[in-house]
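Using my numbering, read the sequence shown as starting at 1006 and increasing by one per residue. A short write-up of the structure that comes next.
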Amino acid sequence: GGPVGSGKTALTDALCKLLRDRFEIAVVTNDIYTQEDAEFLTRSGALPKDRITGVETGGCPHTAIREDASINLAAIADLNLKFPALDLVIVESGGDNLAATFSPELADLTVYVIDVSAGDKIPRKGGPGITRSDLLVINKIDLAPLVGADLGIMDRDARKMRGDRPFIFSNLKDGSGVVDIAGFIVTKGGLESRSQTEPASAGKRPKTISTIGTGSETRRSKWRSP
């Protein structure tokens, strides 16, 4: 999750394209009154259209991922019926740093996306998205010189606020950081690669990864994929 414009949909798109040859993937997007993000992912060719479900929450998206996750759980269940061999479902939703927490029944891992255009003060402001997400992604590092953001300060403050929890700097425009983010999801999500010659394991429960956002090589990262 994360603020509008932080790069959640771009990250979802990049992850799908990087991992789709290794895993069975589906996506659930959350928008208030439209299915714009789902339509973007379809147009970009991230996944076939029937593997992408757009949820219209009718209100703040964070309500549908926290207080009452039933609409998202139903979407995941429907996808799992259509694709019994699913390994991974990515649930994308917006939400500010205070509201962006996922119900534990909805997500196995949470990824929170911020971007440097809001300034280098964002990590030290804390909040559950910054401090509690399984992975923090600090995106759009290419904009740092243009907005006067100091990546060194963001690195320092992210370490201070998150302790041992990992974070990754990224520039999704050129793919920087995507391999590290994918490596984290594969390793920490307990995903297992399946060769094309192995039979699909139908009926299993797919891992659910949430990407939230508010308003390839990494510069420096506390996570390195094996």
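Even glycine gets a Cβ: it sits at the ideal position worked out from N, Cα and C.
Beta-carbon separation (whole angstroms), residue i vs residue j, contact threshold 8 Å
{"i": "Gly1063", "j": "Ile1037", "result": "7 Å"}
{"i": "Ile1119", "j": "Ile1143", "result": "6 Å"}
{"i": "Ile1146", "j": "Tyr1117", "result": "Contact doesn't hold; Cβ gap of about 16 Å is too wide."}
Residue range of the beta strand (DSSP E) that includes residue i
{"i": "Asn1176", "result": "From DSSP, Asn1176 is part of no beta strand (DSSP E); its letter is neither H nor E."}
{"i": "Leu1093", "result": "1093-1097"}
{"i": "Gly1059", "result": "1057-1061"}
{"i": "Leu1141", "result": "1140-1144"}
Where residue i sits in the DSSP three-state scheme
{"i": "Ser1122", "result": "helix"}
{"i": "Thr1192", "result": "helix"}
{"i": "Leu1020", "result": "helix"}
{"i": "Leu1114", "result": "strand"}
{"i": "Ser1011", "result": "coil"}
{"i": "Ile1081", "result": "helix"}
{"i": "Ile1135", "result": "helix"}
{"i": "Thr1039", "result": "coil"}
{"i": "Phe1172", "result": "strand"}
{"i": "Lys1212", "result": "strand"}
{"i": "Gly1182", "result": "coil"}
{"i": "Arg1027", "result": "coil"}
{"i": "Ala1104", "result": "Note on Ala1104: pLDDT 48, under 50, position unreliable in the model; the coordinate value appears next. Coil, per DSSP."}
{"i": "Ile1076", "result": "helix"}
{"i": "Phe1088", "result": "coil"}
Beta-carbon gap between residue i and residue j smaller than 8 Å
{"i": "Ile1095", "j": "Leu1020", "result": "yes"}
{"i": "Ser973", "j": "Ala1112", "result": "Residue 973 lies beyond the range of the chain shown here (1006 to 1231); nothing can be said about it."}
{"i": "Leu1084", "j": "Leu1091", "result": "yes"}
{"i": "Val1152", "j": "Gly1131", "result": "no"}
{"i": "Phe1189", "j": "Leu1140", "result": "yes"}
{"i": "Arg1056", "j": "Ile1030", "result": "yes"}
{"i": "Leu1023", "j": "Val1183", "result": "yes"}
{"i": "Arg1129", "j": "Met1166", "result": "yes"}
{"i": "Val1121", "j": "Ala1149", "result": "yes"}
{"i": "Lys1212", "j": "Gly1194", "result": "yes"}
{"i": "Leu1114", "j": "Leu1196", "result": "no"}
First and last residue of the uninterrupted alpha helix (DSSP H) at residue i
{"i": "Ile987", "result": "As shown, the chain starts at 1006 and ends at 1231. That puts residue 987 outside it, with no answer to give."}
{"i": "Lys1054", "result": "Looking at the DSSP string, Lys1054 is not in any alpha helix (DSSP H), and its letter there is neither H nor E."}
{"i": "Ala1163", "result": "1156-1167"}
{"i": "Ala1149", "result": "1149-1152"}
Neighbourhood of residue i by C-beta distance below 8 Å, restricted to the same chain and skipping five residues each side
{"i": "Thr1014", "result": "Thr1034, Asp1042, Phe1045, Leu1046, Glu1097"}
Own chain residues within Cβ distance below 6 Å of residue i, not counting five before or after
{"i": "Asp1155", "result": "Asp1125"}
{"i": "Gln1040", "result": "Gly1059"}
{"i": "Lys1054", "result": "Thr1047"}
{"i": "Ser1138", "result": "Thr1115, Tyr1117"}
Neighbourhood of residue i by C-beta distance below 7 Å, restricted to the same chain and skipping five residues each side
{"i": "Asp1018", "result": "Leu1046, Ser1049, Ala1051"}
{"i": "Ile1158", "result": "Asp1125"}
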